[in-house]
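Numbering (my numbering), first residue to last: 705 to 897.
So this is what it looks like as structure tokens:
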């Protein structure tokens, strides 16, 4: 019975991911007032168990991605690494592995780090695996997906490789669904490129 339940969840998650709407984009209204900013959070590095204070990114735009190694969108690692190499001086990319969608990130921290480095040459900062939706979501993702905290957005990630854009003041400004690439015009406009 557990196998059938797991299979059903995986198939349902896969179908949801395949048909995720590329037009699923949200932008911060001008009158939004946040209780917190990105700079209020500390997270753990993927390797080395170091605490990273996200206030170190003050003055830069930041893109936060929920990532997975066994997803149809995993190839986006290459796109994001290219974006990081070309625009990392202006926009910081931060990756957060998550196993919330179809069990597509089952690896340990070391396995994820090795996969990202060996397969895609990822050099942008990666952090420990976290929950990005549901009751146990990480504090950072609670902020990203709670209008009460960020001032306007209630969207949790709908699948792997959703993007949250943060401005130079640490405010959440945009949400982009999985299918949006770093080369898409609307994304580039949101990050000022």
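No residue lacks a Cβ here, since even glycine has one placed at the ideal position from N, Cα and C. Quantities reported herein were computed from a predicted structural model and do not represent experimental measurements.
Looking only at its chain, what residues have a beta carbon closer than 8 Å to the beta carbon of residue 876, apart from the 5 residues adjacent to it on each side?
By 1-based counting over the chain shown, the position of residue 876 is 172. Answer for residue 876: 732, 738, 742, 847, 848, 854, 855, 856, 857, 868, 869, 870, listed in chain order.
Just to confirm my understanding: we take residue 852, look at its own chain, exclude 5 residues before and 5 after, and list those with CB closer than 8 Å. What are they?
For the purposes of this step, residue 852 is identified with residue 148 of the chain shown, where counting begins at 1. Cβ within range, chain order: 739.
At 3 residues or longer, and completely inside the region 720-802: list those beta strand (DSSP E) runs for me, N to C.
729-731, 746-748, 755-757, 765-771, 795-801
So, is residue 806 buried or exposed, given that buried needs 16 or more other C-beta atoms within 10 angstroms?
By one-based count along the chain shown, residue 806 stands at place 102. Residue 806 should be labelled buried.
Using the rule of at least 16 other Cβ atoms within 10 Å of the residue's Cβ for burial, across every protein chain shown, is residue 841 buried or exposed?
For the purposes of this step, residue 841 is taken as residue 137 along the chain shown, with counting starting at 1. The residue in question, residue 841, is buried, as its Cβ has 16 or more Cβ neighbours within 10 Å.
I'd like to know if the region 745-762 and the region 782-792 are in contact, where contact means that at least 3 CB-CB pairs between them fall below 8 Å.
no
Can you give the Cα-Cα distance for residue 885 and residue 892, rounded to whole angstroms?
Taking the first residue of the chain shown as 1, we reach residue 885 at position 181. Taking the first residue of the chain shown as 1, we reach residue 892 at position 188. Rounded to the nearest angstrom, the two C-alpha atoms are 9 Å apart.
Secondary structure at residue 852, three-state DSSP: helix, strand or coil?
Position 148 of the chain shown, counting from 1, holds the residue named residue 852. Here residue 852 sits in helix by DSSP.
Name, in chain order, the residues that DSSP records as bridge partners for residue 870.
Sequence index remark: in the chain shown, residue 870 carries index 166 (1-based). Answer by DSSP bridge pairing, in chain order: 766, 876.
Using three-state DSSP, classify residue 831 as helix, strand or coil.
To locate residue 831, count along the chain shown from 1; it is residue 127. The answer is strand: DSSP assigns residue 831 an E or B state.
Determine the contact status of residue 864 and residue 772, defining contact as a CB-CB distance below 7 Å.
Translated into the one-based positions of the chain shown, residue 864 becomes position 160. Translated into the one-based positions of the chain shown, residue 772 becomes position 68. Taking 7 Å as the Cβ cut-off, residue 864 and residue 772 qualify as a contacting pair.
Classify residue 860 as helix, strand or coil using the three-state DSSP reduction.
For this step, residue 860 is matched to residue 156 along the chain shown. Correct three-state label for residue 860: coil.
Could you tell me the alpha carbon to alpha carbon distance between residue 890 and residue 729, rounded to whole angstroms?
For the purposes of this step, residue 890 is identified with residue 186 of the chain shown, where counting begins at 1. For the purposes of this step, residue 729 is identified with residue 25 of the chain shown, where counting begins at 1. Answer to the nearest angstrom: the Cα atoms are 9 Å apart.
Rounded C-alpha distance that separates residue 803 from residue 887
Reading the chain shown from its first residue, position 99 is the one you call residue 803. Reading the chain shown from its first residue, position 183 is the one you call residue 887. Distance between the alpha carbons of residue 803 and residue 887: 26 Å.
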